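Numbering (UniProt numbering), first residue to last: 1 to 111.
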């Protein structure tokens, strides 16, 4: 009973619990994805990598859309003919779930 009275008087447990719930909801609504660029993708972006904050559940299509919006036509060419390394596997489907790191791989010449 004393514990309940302390909580009621201070309000600490209620605020902590409520804030914790709000933070958990906020964390569940976005995903941070590290994007690394190689070769022509580095040239198109002017950088070797960056971090994107995407709505959850994040997909490869959401990464592509964010990159196209940010870098325009130079990135469009890479997105159209390049590929992506997601979880150590080359992927191209827009519906592939992503988290962690996505590598943007432009098309490579030669054979």
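C-beta atoms are modelled at their ideal positions from N, C-alpha and C, and glycine is treated no differently.
All of these numbers come straight from a predicted model, not from anything done at the bench.
> Out of curiosity, what's the CA-to-CA distance linking residue 99 and residue 107?
Replying inline: Indexing the chain shown from 1 puts residue 99 at position 99. Indexing the chain shown from 1 puts residue 107 at position 107. Between residue 99 and residue 107, the C-alpha separation is close to 23 Å.
> Would you report the Cα separation of residue 40 and residue 50, rounded to the nearest angstrom?
Replying inline: Along the chain shown, read from residue 1 onward, the residue named residue 40 stands at position 40. Along the chain shown, read from residue 1 onward, the residue named residue 50 stands at position 50. Going by the C-alpha atoms only, they are around 15 Å apart.
> By DSSP, does residue 91 sit in helix, in strand, or in coil?
Replying inline: Position 91 of the chain shown, counting from 1, holds the residue named residue 91. Strand.
>> Looking only at its chain, what residues have a beta carbon closer than 8 Å to the beta carbon of residue 91, apart from the 5 residues adjacent to it on each side?
In response: Residue 91 sits at position 91 when you count from the first residue of the chain shown. Excluding sequence neighbours, residue 91 sits near 60, 83, 84 and 85.
> Alpha carbon to alpha carbon, how far is residue 44 from residue 34?
Replying inline: As a position in the chain shown, residue 44 is number 44, starting the count at 1. As a position in the chain shown, residue 34 is number 34, starting the count at 1. C-alpha separation (whole angstroms): 17 Å.
> Among residues of its own chain, excluding the 5 on either side of residue 102, which ones have a beta-carbon nearer than 8 Å to its beta-carbon?
Replying inline: Working through the chain shown from its first residue, we reach residue 102 at position 102. So the qualifying residues of the chain are 33, 34, 35, 36, 60, 63, 84, 85 and 86.
> What is the rounded straight-line gap between the Cα of residue 112 and the Cα of residue 57?
Replying inline: Because the chain in this structure spans residues 1 to 111, residue 112 falls outside the shown range and cannot be described.
> From the DSSP output, which residues share a beta bridge with residue 59?
Replying inline: Position 59 of the chain shown holds residue 59. Partner(s): 97.
> The alpha helix (DSSP H) with residue 32 in it runs from where to where?
Replying inline: Sequence index remark: in the chain shown, residue 32 carries index 32 (1-based). Per DSSP, residue 32 belongs to no alpha helix (DSSP H); it is in the beta strand (DSSP E), 30-37.
>> Just verifying my parser: in three-state terms, what is the DSSP assignment at residue 48?
In response: Within the chain shown, the letter at position 48 stands for residue 48. In the structure shown, residue 48 sits in coil (DSSP, three-state: anything other than H, G, I, E or B).
> How would you call residue 55, buried or exposed, if buried means at least 16 neighbouring beta carbons within 10 angstroms?
Replying inline: Along the chain shown, read from residue 1 onward, the residue named residue 55 stands at position 55. Per the 10 Å Cβ criterion, exposed.
> For the beta strand (DSSP E) that residue 84 lies in, which residues bound it at each end?
Replying inline: As a first step, residue 84 is located in the chain shown; it is residue number 84 there, counting from the start. That run of the beta strand (DSSP E) goes 83-86.
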